[in-house]
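Heads up, the sequence shown is in my numbering, so the first residue is 9 and it goes up one at a time.
Glycine included, each C-beta is placed from N, C-alpha and C at the ideal position.
Keep in mind the model is a prediction, meaning the values are calculated, not measured.
Have a look at the structure below before the remarks.
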Amino acid sequence: MSAGQNADDGTREAAVRELGEDAVRALEVEVVKANADRLSLGTFVAMGIPTASILEGLGCEPGSSATRRESSGLSVRARGRLDQAVAWSRGRICYREPATGASGEVSGRIEASPAGPGRTHASPAVTVTRHTDGSVALQLNNQDRPIPVTDTHVADVLGVELETWVRSRDSIEKALAAVAGARPPLKPDSTRRPHRPEELSTTSPVTPAPGPGLAS
């Protein structure tokens with residue numbers, strides 16, 4: 009088989025071999041830019057466009073970080089939701105692998121992306137925790153103890169607009185729910201049991217009337 013035939017197998021790898029990584033990425037970025045208003049982030053992912061190209065096409069600021077810590081323990085759905093949260097913020101936030109607590113709650117650490125390679129201090133960070141009852145709490149991380157905060161405060165700390173953060177948070181919550189769904193089901197409360205039909209009546213028991221064969 010000729011080199012030309014090898015290059016033309018329809019995959020991204022083949023295109024890179026034929027055109028080079030820079031040219032392929034430039035094409036991907038242009039596709040995202042041209043369709044950003046009518047296609048969803050999930051569609052771009054389904055098309056096989058890498059996250060870095062998607063972020064750049066959506067207007068990711070130069071120097072922002074599009075990387076995130078990989079985890080083989082995350083499901084495809086959970087990782088996809090977290091990547092979507094990063095894309096919503098145009099690469100201005102990043103995430104760490106979610107962790108499950110002893111009580112079944114799932115927490116994810118969200119950080120502001122480093123401004124550049126010369127950054128010397130730690131990025132601001134917020135922990136999003138989804139409890140087993142479905143409620144979600146936000147906490148600002150600092151050196152002393154976590155502080156409960158609101159969405160407005162989180163947006164300010166991470167350096168994103170409130171609307172942007174709310175959209176990212178929605179994806180983060182769905183990711184944490186996906187992680188929680190992968191866990192073993194919670195043990196049901198041993199004190200709860202189904203009621204028998206006779207227990208559902210609030211009136212005193214009634215003695216049944218004698219059957220036809222017993223009538224006097």
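**Message:** Let me check one thing: in DSSP terms, what residues is L144 bridge-paired to?
**Reply:** Note that residue 144 is Val in the sequence shown, not Leu. R138, per the DSSP bridge assignment.
**Asked** Hey, how far is the Cα of E36 from the Cα of V24?
**Response** 12 Å
**Message:** Using a Cβ distance threshold of 8 Å, determine whether the region 57-66 contacts the region 163-172, with at least three qualifying pairs required.
**Reply:** By the Cβ rule, the region 57-66 does not count as touching the region 163-172, because fewer than three pairs are nearer than 8 Å.
**Request:** Would you decide whether D159 is buried or exposed? Buried here means 16 or more other CB atoms lie within 10 Å of its CB.
**Result:** exposed
**Request:** Just mark E169 as buried or exposed, buried being the case when its beta carbon has 16 or more other beta carbons within 10 Å.
**Result:** exposed
**Asked** Cα-Cα, which of H139, S115, T172 is closest to L148?
**Response** S115
**Request:** Report the option in R20, T108, E119, I155 whose CA atom is closest to the CA atom of H139.
**Result:** T108
**Request:** Output the distance between the C-alpha atoms of G65 and L184, rounded to the nearest integer angstrom.
**Result:** Going by the C-alpha atoms only, they are around 27 Å apart.
**Prompt:** In terms of DSSP beta bridges, what is A107 paired with?
**Reply:** S115
**Message:** Here's a check: name, in chain order, each residue in its chain whose Cβ is nearer than 7 Å to the Cβ of R175, leaving out the five neighbours to either side.
**Reply:** W96
**Request:** Kindly indicate which three-state DSSP category I57 falls into: helix, strand or coil?
**Result:** coil
**Prompt:** For R117, which option in A110, L90, S111 has the closest C-alpha, if you only look at C-alpha atoms?
**Reply:** L90
**Test item: CB-CB of R33 and G56 under 8 Å** = no
**Asked** In its own chain, which residues sit with a C-beta less than 6 Å from the C-beta of P28, not counting the 5 before and 5 after it?
**Response** It is Gly, not Pro, that sits at residue 28 in the sequence shown. Excluding residues within five positions, none has a Cβ falling inside 6 Å.
**Prompt:** Rounded to a whole number of angstroms, what is the C-alpha to C-alpha distance between P122 and G18?
**Reply:** Here the alpha carbons of G18 and P122 stand approximately 36 Å from one another.
**Endpoints, alpha helix (DSSP H) assigned at R46** = Element bounds for R46: n/a, residue is neither H nor E.
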